[in-house]
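Peer 1:
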Amino acid sequence: MIERVLDAARGRAEAADALWQRVERTEVAIESGRLKAAGGSEGTGINLRVVRGGRVGVAGTTADDIGRLVARAIASAELGETVPLALPGAAPSRAVITHDRAAAEASLDALIAIGRGLADRLARDGCQVNVSVERVVAETVFANTAGAFGRYESSVVSVAGEVRRVAGNDVLFLYDSRTGVDLPAEAELDRLVLGITTRLDLALTVVDPPEGTLPVVFTPEGLSVIVMPLEQALSGKSVLQGVSPLAGRIGERIADSRVSITDDPLLDRRPGSRPFDDEGVPSEPLPLVADGVLRAFVYDLETAARAGARTTGHGERGTFTKPGIGYTNFIFGSREQGAGSGVLGGGLLTGIDDGLLVDDLIGVGQGNVISGAFSHPVALAYRIRAGEVVGRVKEAAVAGNVYDLLGRIGGWGDDGRWVGSRWSPSLLLDGVSVARR
Numbered sequence: 437m438i439e440r441v442l443d444a445a446r447g448r449a450e451a452a453d454a455l456w457q458r459v460e461r462t463e464v465a466i467e468s469g470r471l472k473a474a475g476g477s478e479g480t481g482i483n484l485r486v487v488r489g490g491r492v493g494v495a496g497t498t499a500d501d502i503g504r505l506v507a508r509a510i511a512s513a514e515l516g517e518t519v520p521l522a523l524p525g526a527a528p529s530r531a532v533i534t535h536d537r538a539a540a541e542a543s544l545d546a547l548i549a550i551g552r553g554l555a556d557r558l559a560r561d562g563c564q565v566n567v568s569v570e571r572v573v574a575e576t577v578f579a580n581t582a583g584a585f586g587r588y589e590s591s592v593v594s595v596a597g598e599v600r601r602v603a604g605n606d607v608l609f610l611y612d613s614r615t616g617v618d619l620p621a622e623a624e625l626d627r628l629v630l631g632i633t634t635r636l637d638l639a640l641t642v643v644d645p646p647e648g649t650l651p652v653v654f655t656p657e658g659l660s661v662i663v664m665p666l667e668q669a670l671s672g673k674s675v676l677q678g679v680s681p682l683a684g685r686i687g688e689r690i691a692d693s694r695v696s697i698t699d700d701p702l703l704d705r706r707p708g709s710r711p712f713d714d715e716g717v718p719s720e721p722l723p724l725v726a727d728g729v730l731r732a733f734v735y736d737l738e739t740a741a742r743a744g745a746r747t748t749g750h751g752e753r754g755t756f757t758k759p760g761i762g763y764t765n766f767i768f769g770s771r772e773q774g775a776g777s778g779v780l781g782g783g784l785l786t787g788i789d790d791g792l793l794v795d796d797l798i799g800v801g802q803g804n805v806i807s808g809a810f811s812h813p814v815a816l817a818y819r820i821r822a823g824e825v826v827g828r829v830k831e832a833a834v835a836g837n838v839y840d841l842l843g844r845i846g847g848w849g850d851d852g853r854w855v856g857s858r859w860s861p862s863l864l865l866d867g868v869s870v871a872r873r
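Numbering of the sequence shown is given in my numbering, commencing with residue 437 and proceeding in unit increments.
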């Protein structure tokens, strides 16, 4: 279908590209030990972008109506902005494993069995346990009028478990997940169960929070408050809009020399991986920060064209949305070190006389994130005394500025792991403000 769409667009536009996807989704939900939902859905969609008179237009459809799709894209271009968009030509892409046959062909009963097994292992008196298993199998095809063409298959299996405990006015919520191209191995499910049960056991004791400017360990889950401002600031769109605090600082040191960030779409068996982006640009690993020095920003075709830069192959698009910038596998740390020890805090607690271990915060992503300033109540955090966790703290908040704190890190943990499409170990930051609420 994609070639027919481009053929129809050729006579009415100077250039065009299209992305076609077929997606099959299977979902299993288990609540309080009972199977609540199990089923699947399938759909296809195509996104078309055209350049007409120098203006760019976009349209999408899930129907097989090529004439209407092209007409809508042309009409969009009539109202669109003028962009010096240069579509990529034919180019070889590197091989990367994005699909697992066993995962793609696993039966619904097999997925239910994974969910039930995890729910049984997480069961605890006085707690509600919910488990979800989701499998997404997709086929992606890209083509443009400049001669680029590509196709790949992908599979993603996500398994998540949550435990809720309500005791009077004390509400405790713990969550962990595993996401990969293939079915979860027993060792991965073991780590998931151990991660939740360890944090649950430590959380049953409630202690007073510390106060002052203290060392704080952020777990891989808790690092969203640190990573989110960086993701926004490293976007070429933010640079173009003049809101990135990192704009104009390529080649400068922006963090401790132990901080490196890479976005790598060519990691085998990672859900964010792909041989080319959604604009047909072959994928390559992109070092963004190396040894504390800013090296690059991420761009798609349009932001690169507007900024006079080169696309980094980070174009992302949905059926009904115009292409934009999207990260793939965001690696945050000194370097990727594998699965890690799995010990809470990654060995960073030793030597901390009084501090905090942060696993989850409330309100992350709200407000002026890109500035790097944050102030959030804790959702799940533990007090550290004499190098050990002594209990969970409530009614506490942490505050600081990401860019200031990354200049004086205390160290990286040995517990590197994937949280969705982001890899990181725990991180010890010195001088975080901790206050009672």
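Note that beta-carbon positions come from the ideal geometry of N, C-alpha and C, so glycine has one too.
No experiment lies behind these values; they were computed from the predicted model shown.
1) What are the start and end residues of the beta strand (DSSP E) that includes residue 462?
2) What first and last residue would you give for the beta strand (DSSP E) that runs through residue 472?
3) In whole angstroms, what separates the C-alpha of residue 455 from that of residue 654?
4) Residue 496 and residue 754: beta carbons closer than 9 angstroms?
5) Expressed to the nearest angstrom, what Euclidean distance is found between the alpha-carbon atoms of residue 517 and residue 572?
6) Whose C-beta lies closer than 6 angstroms to the C-beta of residue 693 among residues of the same chain, with five residues either side of it excluded?
7) Identify which residue in 666, 550, 642 has its Cα closest to the Cα of residue 626.
8) Could you tell me the alpha carbon to alpha carbon distance between residue 446 and residue 519, rounded to whole angstroms?
9) Along the beta strand (DSSP E) that carries residue 639, what are the first and last residues, could you check?
10) Pull up the distance between the alpha-carbon of residue 452 and that of residue 746, whole angstroms please.
11) Where do the ends of the beta strand (DSSP E) carrying residue 723 lie?
12) Please list, in chain order, all residues of the same chain as residue 724 whose beta carbon is under 8 angstroms from its beta carbon, the five residues on each side excluded.
13) Alpha helix (DSSP H) containing residue 665: first to last residue?
14) Within a Cβ cutoff of 6 angstroms, which residues of the same chain sit near residue 774, ignoring the five residues on either side of it in sequence?
15) Per DSSP, what are the beta-bridge partners of residue 718 in this structure?
16) Rounded to whole angstroms, what is the Cα-Cα separation between residue 621 and residue 713?
17) Should residue 804 be labelled buried (16 or more other beta-carbon atoms within 10 Å of its own) or exposed?
18) Contact defined as beta carbons within less than 8 angstroms: I believe residue 618 pairs with residue 691. What is the distance between those atoms, to the nearest angstrom?
19) Using a threshold of 9 angstroms, state whether the C-beta atoms of residue 634 and residue 828 are closer than that.
20) Here's a check: name, in chain order, each residue in its chain whose Cβ is nearer than 6 angstroms to the Cβ of residue 611, leaving out the five neighbours to either side.
21) What number of angstroms, rounded off, separates the C-alpha of residue 857 from the C-alpha of residue 644?
22) Work out the CA separation of residue 852 and residue 787 for me, nearest whole Å.
23) Beta-carbon separation of residue 668 and residue 680 under 9 angstroms?
24) Is residue 756 buried or exposed, if buried means 16 or more other CB atoms sit within 10 Å of its CB?
25) Can you list, in chain order, the residues of its chain whose CB lies under 7 angstroms from that of residue 557, leaving out five sequence neighbours each side?
26) Taking C-beta to C-beta, are residue 484 and residue 584 nearer than 9 angstroms?
27) How big is the Cα-Cα spacing for residue 474 and residue 546?
28) I'd like to know if the region 788 to 801 and the region 812 to 825 are in contact, where contact means that at least 3 CB-CB pairs between them fall below 8 angstroms.
29) Starting from residue 806, trace the beta strand (DSSP E) both ways and give me its first and last residue.
30) From the DSSP output, read off the bridge partner residues of residue 766.
31) Rounded C-beta distance between residue 458 and residue 574? I'm assuming under 8 angstroms.
32) Where does residue 844 sit, in a helix, a strand or coil, going by DSSP?
33) For residue 579, which three-state DSSP category applies?
34) Name, in chain order, the residues that DSSP records as bridge partners for residue 586.
35) If we count Cβ pairs, one from each stretch, closer than 8 angstroms, do we get three or more for the region 462 to 472 versus the region 487 to 501?
36) By the 10 Å Cβ neighbour count, where 16 or more other Cβ atoms means buried, how is residue 872 classified, buried or exposed?
Peer 2: In terms of the structure at hand:
1) Along the sequence shown, read from residue 1 onward, the residue named residue 462 stands at position 26. From DSSP, the beta strand (DSSP E) with residue 462 extends over 451 to 467.
2) Counting from 1 along the sequence shown, the entry for residue 472 is found at position 36. That run of the beta strand (DSSP E) goes 470 to 488.
3) Against the sequence shown, residue 455 aligns to sequence position 19. Against the sequence shown, residue 654 aligns to sequence position 218. Looking at the two C-alpha atoms, the distance is approximately 39 angstroms.
4) Within the sequence shown, residue 496 is the residue found at index 60, counting from 1. Within the sequence shown, residue 754 is the residue found at index 318, counting from 1. For residue 496 and residue 754, yes; Cβs fall inside 9 angstroms.
5) Indexing the sequence shown from 1 puts residue 517 at position 81. Indexing the sequence shown from 1 puts residue 572 at position 136. Their Cα atoms are separated by approximately 35 angstroms.
6) As a working note, residue 693 is residue 257 in the sequence shown. Result list for residue 693: 727, 728, in chain order.
7) Translated into positions along the sequence shown, residue 626 becomes position 190. Distance from the Cα of residue 626 is smallest, within the candidate group 666, 550, 642, for 550.
8) Residue mapping note: residue 446 aligns to position 10 of the sequence shown, counting from 1. Residue mapping note: residue 519 aligns to position 83 of the sequence shown, counting from 1. Each residue's alpha carbon lies about 18 angstroms from the other.
9) For the purposes of this step, residue 639 is identified with residue 203 of the sequence shown, where counting begins at 1. Careful: residue 639 lies outside any beta strand (DSSP E), inside the alpha helix (DSSP H) at 622 to 639.
10) Position 16 of the sequence shown, counted from the start, is the residue given in the question as residue 452. Position 310 of the sequence shown, counted from the start, is the residue given in the question as residue 746. Going by the C-alpha atoms only, they are around 19 angstroms apart.
11) Your numbering for residue 723 matches position 287 in the sequence shown. Per DSSP, residue 723 is one residue of the beta strand (DSSP E) stretching across 722 to 726.
12) The residue you call residue 724 lines up with position 288 of the sequence shown. So the list reads 670, 697, 698, 699, 730, 731, 732, 733, 734, once near-sequence residues are dropped.
13) Locating residue 665 in the sequence shown gives position 229, where the first residue counts as 1. Here the alpha helix (DSSP H) through residue 665 covers 660 to 669.
14) Within the sequence shown, numbered from 1, the residue matching residue 774 stands at position 338. Below a pLDDT of 50, predicted positions are generally treated as unreliable, and residue 774, at 48, falls in that range; no measurement from the model is reported.
15) Taking the first residue of the sequence shown as position 1, residue 718 is located at position 282. DSSP lists 712 as partners of residue 718.
16) Taking the sequence shown and counting its residues from 1, one reaches residue 621 at position 185. Taking the sequence shown and counting its residues from 1, one reaches residue 713 at position 277. Those two C-alpha atoms are separated by around 29 angstroms.
17) For the purposes of this step, residue 804 is identified with residue 368 of the sequence shown, where counting begins at 1. Label assigned to residue 804: exposed.
18) Residue numbering aside, residue 618 sits at position 182 when the sequence shown is read from its first letter. Residue numbering aside, residue 691 sits at position 255 when the sequence shown is read from its first letter. In fact, because the Cβ distance is near 34 angstroms, the residues do not count as touching under 8 angstroms.
19) Stepping through the sequence shown from its first residue, residue 634 is reached at position 198. Stepping through the sequence shown from its first residue, residue 828 is reached at position 392. No. Outside cutoff.
20) Position 175 of the sequence shown, counting from 1, holds the residue named residue 611. Here the set comprises 598.
21) If you number the sequence shown from 1, residue 857 lands on position 421. If you number the sequence shown from 1, residue 644 lands on position 208. Looking at the two C-alpha atoms, the distance is approximately 34 angstroms.
22) Start at 1 with the first residue of the sequence shown, and residue 787 comes out as number 351. Start at 1 with the first residue of the sequence shown, and residue 852 comes out as number 416. Roughly 20 angstroms between the two C-alpha positions.
23) By 1-based counting over the sequence shown, the position of residue 668 is 232. By 1-based counting over the sequence shown, the position of residue 680 is 244. Cβ distance < 9 angstroms, so residue 668 and residue 680 count as in contact.
24) Locating residue 756 in the sequence shown gives position 320, where the first residue counts as 1. Exposed, since its Cβ has fewer than 16 Cβ neighbours within 10 Å.
25) Within the sequence shown, numbered from 1, the residue matching residue 557 stands at position 121. Excluding residues within five positions, the ones whose Cβ falls inside 7 angstroms are 629.
26) What you label residue 484 is simply residue 48 of the sequence shown in a count that begins at 1. What you label residue 584 is simply residue 148 of the sequence shown in a count that begins at 1. No, the Cβ-Cβ distance between residue 484 and residue 584 is not below 9 angstroms.
27) If you number the sequence shown from 1, residue 474 lands on position 38. If you number the sequence shown from 1, residue 546 lands on position 110. Taking the straight line from one Cα to the other gives about 11 angstroms.
28) Look at the beta carbons and you see the region 788 to 801 touching the region 812 to 825: at least three pairs across the two are nearer than 8 angstroms.
29) Translated into positions along the sequence shown, residue 806 becomes position 370. Element bounds for residue 806: n/a, residue is neither H nor E.
30) The residue labelled residue 766 in the question sits at position 330 within the sequence shown. Answer by DSSP bridge pairing, in chain order: 699, 858.
31) By 1-based counting over the sequence shown, the position of residue 458 is 22. By 1-based counting over the sequence shown, the position of residue 574 is 138. About 7 angstroms separates the two Cβ atoms, so the contact holds.
32) Counting from 1 along the sequence shown, the entry for residue 844 is found at position 408. In this structure, DSSP gives residue 844 a state outside helix and strand, which the three-state scheme calls coil.
33) The count along the sequence shown starts at 1 and reaches residue 579 at position 143. Note: residue 579 maps to strand in three-state DSSP.
34) Here residue 586 refers to the residue found at position 150 of the sequence shown. DSSP, once it has assigned bridges, lists 578 as partnering residue 586.
35) no
36) For the purposes of this step, residue 872 is taken as residue 436 along the sequence shown, with counting starting at 1. That one is exposed.
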